[in-house]
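See below for the structure under consideration.
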C-alpha cells in the first residue's frame, strides 16, 4: 500500500467508528473524504450508500420516516419505479453486506421502506416458519403455504421481523420484470403463477 491508500484506509476506519457511534453525518463526511483520496478503496462506495440509507431513515415527515428518501425516490414515484429502485439498492447492498459495516441493517431498512411504499406485508407460516409477502388485501385471510402446503391466517409480521435471507427473498432475486409482476399479484393463485 502506498501512502495515499494507507491514509484513505485510516480515514475509512475512523468513519466506521463514527458509524458505530451513530454519528452518520460525520461518518459520511469521512467516508467521502476517504473515497476522494483513494477511489479504489475496497467497498467505500457501498459504505457511503449504506450510510445514506441510515441517514435517510432518520428523516421524519408527519411522524413517519421518509420512506421515499430511503429508496432515493421522489414522492410521485410509481410502483414500477419503486420496485426497480428497491431491487437495485437491495442487490448492491446484499452483494457487499459481509464487507461493509451496517450492511445487514441497511437491508432491513430497505425492506421496511419497500413494504411501506408498495402496499405489501410479510407473513409467516406457523408450521414451517417460511416467510411470504402479499398485497395488503390478503391481511387476515386464510392462505396456503407454498412451502409446506398447509393453510394459515395471514397475519402481518412486525417490521423488525421482515426476512433478509435469500431463502425468503427468492422472488426479489428474479429479473426486475418478475418483481413487478409478483407485486401486482392480486390473489393467491396469481402469486403462485408468478413464482413465489
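Numbering (this note's numbering), first residue to last: 4 to 199. Here a beta-carbon is modelled for each residue, glycine too, at the ideal position from N, C-alpha and C.
Cβ contact check for the stretch 59-66 and the stretch 33-45: 3 or more pairs under 8 Å: no
The ligand FAD heavy atom lying under 8 Å from the CB of residue 23: Judged by which ligands are present, the structure shown has none, so any question about the ligand FAD falls away.
Inter-residue Cα distance where the pair is residue 81 and residue 117: Within the chain shown, numbered from 1, the residue matching residue 81 stands at position 78. Within the chain shown, numbered from 1, the residue matching residue 117 stands at position 114. Distance between the alpha carbons of residue 81 and residue 117: 12 Å.
Beta bridge counterpart(s) of residue 126 as assigned by DSSP: The residue labelled residue 126 in the question sits at position 123 within the chain shown. Within the DSSP bridge table, the entry for residue 126 names 135 as partners.
Straight-line gap, residue 115 to residue 91 (C-alpha atoms, nearest Å): Residue numbering aside, residue 115 sits at position 112 when the chain shown is read from its first letter. Residue numbering aside, residue 91 sits at position 88 when the chain shown is read from its first letter. Approximately 15 Å, taken between the alpha carbons.
Residues that DSSP places opposite residue 68 in a beta bridge: Here residue 68 is taken as the residue at index 65 of the chain shown, counted from 1. DSSP output for residue 68 lists 63 as bridge partner(s).
For residue 155, the three-state DSSP class (helix, strand or coil): Within the chain shown, residue 155 is the residue found at index 152, counting from 1. In this structure, DSSP gives residue 155 an extended state, which the three-state scheme calls strand.
DSSP-derived helix/strand/coil call for residue 178: Walking along the chain shown from the start, residue 178 turns up at place 175. Residue placement at residue 178 cannot be trusted, given a pLDDT of 37 that sits under 50; the coordinates are not used to answer.
In DSSP terms, what residue 14 is bridged to: Within the chain shown, the letter at position 11 stands for residue 14. DSSP lists no partner for residue 14.
Classification of residue 61 by the beta-carbon crowding that lies within 10 angstroms, buried from 16 upward: Looking up residue 61 in the chain shown gives position 58. Label assigned to residue 61: exposed.
Segment limits, alpha helix (DSSP H) that includes residue 99: Your numbering for residue 99 matches position 96 in the chain shown. Following the DSSP letters along the chain, one finds residue 99 inside the alpha helix (DSSP H) bounded by residues 82-99.
Euclidean distance between Cα positions of residue 132 and residue 53: Taking the first residue of the chain shown as position 1, residue 132 is located at position 129. Taking the first residue of the chain shown as position 1, residue 53 is located at position 50. Going from the Cα of residue 132 to the Cα of residue 53 covers about 29 Å.
Sequence-distant residues of the same chain with beta carbon closer than 8 Å to residue 23, five excluded per side: Your numbering for residue 23 matches position 20 in the chain shown. Contacts found: 104.
Unbroken beta strand (DSSP E) run spanning residue 147, endpoints: On the chain shown, position 144 is the one that residue 147 refers to. Here the beta strand (DSSP E) through residue 147 covers 145-147.
Helix, strand or coil at residue 161 according to DSSP, with G and I counted as helix: Position 158 of the chain shown, counting from 1, holds the residue named residue 161. Note: residue 161 maps to coil in three-state DSSP.
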